[in-house]
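Data first, discussion second: the structure below is written as structure tokens.
Residue numbers (the numbering used here): 2 to 618.
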């Protein structure tokens, strides 16, 4: 948005019509910009809360009578404020100079107009104000949209809205009715889905088509295996981020013969238009951006608990779907052939079940596969950390002091990106091996308490809980930015900030100010949830690698003969990792060197691989 000031000479040259400023009422001379939260969200680029009902916009001020304002001026002012004049732009205030008047500075600091006959008239003073009417309400005073919304998963309604991330076409004109209360059908007459707005399907289809261009391996897999239908008869229930990349995966699984039902693993990461496109294509999808706690589990239950349909495969991201089936429908595991899990949080839960002897089906640990760890976790986060921070805070990274908690693959990616942008990066770590890597990479290893008062940004990526506690939050400097790059929202103790003495102030989509009684404030992003998928987007090509790995893991578990996999957690065979990588090489016009027979014999390897042992990570 720009405000252009036109000089008197330029106005005269452009033959601007004369404007008699002394006839303007104060309400016309002092334009105000009152933007609702929806309008602010529409201007701000925004991907597991509920949509807060936007407070009513501030009432427009009636025009106050001013000196020299006659009936004609009053009528003009009334017309300007009438509904019929709603198309008049309010975004900029442009003062036009009359070429027949000369401006003089009034002795009390105001402006005077000198007409050709010598009459001096004081011009009304223009006070430029920009007010964001919705933003002054305190967090605990915001109304909720519907009575049944729970606040335990996303207790703050200050960061939730109906917008997806930057690529979203969700319109600010959408009504605030919960998707659960809507009756929607796709063009085929099916209503077995629940999305924000089925009418957005066309926009979502375009995004899916764009994603397909950056996901060569999945498209190749779709072509190679489509005739064989290796997933014929598979009934897959999934709980992942619902993005354009996930849509390509789902449609690939469908092309390979599987039936799919899907829910979102994060209440902020769903792209509403993509969910609509999937629903229009016939996929039962239950997800929308800004779900509440109750909505989140309701969507998962709608995927699982359906008459005449029972899943035999699980694709999970975070373990919530697996947990829900164990808790509510344990008998379903009698027909489930396996679980594919892609997050460190979900894998940790699977290992706990296995250790306790409660894991009753084989599970594939995709998170620790080479193609996930060394590509998705590292390269994806290396690019998306900057994207998420830029879109939410507009900050400059050069010279900023940043502490990154955790130096696993995600932490390595975050640190590399921030260091390249000129930030001063500190690292905290519990593992001496990762700690040594951080030191060798040129980062200073510290305890969080040692730098918490001086850093400008705190980023968590450990997969643990309470990494940043209320004590840390109390000691942070004013305007410190706090965010999480791990899957779960447990790393930052956001619950400790829900106290009466602290004020929550909505700034923009997924951005909250938490204000202390002394005026200090921190900037909390996505309420401590996954930053990149909640606040921005992620590189499609990297997700192609992960999605292809997931698809192959599903094919392997579904088609494995009985007895190959026991009730335990397995890593994907290295041969599959290498196959996934090879499918992506043609994109770069890359040419692999082949071993000679003599070289292969010397190394004790097969010429066609695998080239690494199964324990290699």
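Heads up, the beta-carbon is just placed ideally off N, CA and C, and yes, glycines get one too.
A quick note: this is a predicted structure, and the numbers were derived from the prediction, not measured.
Asked, Found
"Nearest-angstrom Cα separation, counted from residue 339 out to residue 238", "11 Å"
"Residue 535 classed as buried or exposed, judged by whether at least 16 other C-beta atoms fall within 10 angstroms", "buried"
"Local Cβ density within 10 Å of residue 434, reported as buried at 16 or more and exposed below that", "exposed"
"Alpha-carbon spacing of residue 317 relative to residue 533, whole angstroms", "19 Å"
"Alpha carbon of residue 415 to alpha carbon of residue 563, nearest angstrom", "42 Å"
"Spatial distance of residue 489 from residue 531 (CA atoms)", "7 Å"
"Residue ranges of each beta strand (DSSP E) within the segment 432 to 484, 3 or longer", "458 to 461"
"Own chain partners of residue 180 with C-beta closer than 7 Å, once the 5 adjacent residues on each side are dropped", "195, 196, 197, 289"
"Chain-order list of residues whose beta-carbon lies under 6 Å from that of residue 399 (same chain, five-residue window excluded)", "423"
"Opposing strand residues paired with residue 425 [DSSP bridges]", "402"
"Option nearest residue 460 by Cα separation, candidates 485, 466, 444", "485"
"Top-ranked residue by Cα proximity to residue 204, from 226, 596, 273", "273"
"3-residue-minimum beta strand (DSSP E) runs that sit fully inside the segment 489 to 547, ordered along the chain", "504 to 509, 512 to 516, 522 to 526"
"Selection from 567, 401, 540, 573 that minimises the alpha carbon distance to residue 555", "573"
"Helix, strand or coil at residue 569 [DSSP, three-state]", "coil"
"C-alpha gap between residue 430 and residue 252, whole angstroms", "40 Å"
"For residue 579 and residue 592, the rounded distance between their alpha carbons", "14 Å"
"Bridge partner(s) assigned by DSSP for residue 316", "239, 341"
"6 Å CB neighbourhood of residue 384 in its chain, flanking five on each side removed", "540"
"Whole-Å CB distance - residue 406 paired with residue 468, under 8 Å assumed", "5 Å"
"8 Å contact criterion, which residue 325 and residue 298 should meet: CB distance rounded", "7 Å"
"Sequence-distant residues of the same chain with beta carbon closer than 6 Å to residue 241, five excluded per side", "247, 266, 318"
"Bridge partners - residue 366, DSSP secondary structure assignment", "342, 572"
"Nearest residue (CA-CA) to residue 478, options 529, 523, 595, 358", "523"
"Top-ranked residue by Cα proximity to residue 588, from 605, 545, 596", "545"
"Distance between beta carbons of residue 342 and residue 373, contact taken as under 8 Å", "The pair is not a contact, with the Cβ atoms about 11 Å apart (cut-off 8 Å)."
"Residue 264 - DSSP class collapsed to helix/strand/coil", "strand"
"Between the CA atoms of residue 474 and residue 307 - distance to the nearest angstrom", "44 Å"
"Cβ neighbour criterion (16 or more within 10 Å) applied to residue 378", "buried"
"Coarse secondary structure for residue 195, derived from DSSP in three states", "strand"
"Sequence-distant residues of the same chain with beta carbon closer than 6 Å to residue 347, five excluded per side", "317, 319, 320"
"Opening and closing residue of the alpha helix (DSSP H) in which residue 603 lies", "598 to 604"
"Whether residue 576 touches residue 610 by CB criterion (8 Å)", "yes"
"Distance, residue 232 Cα to residue 219 Cα", "15 Å"
"Expected contact under 8 Å - CB spacing of residue 458 and residue 482 to nearest Å", "5 Å"
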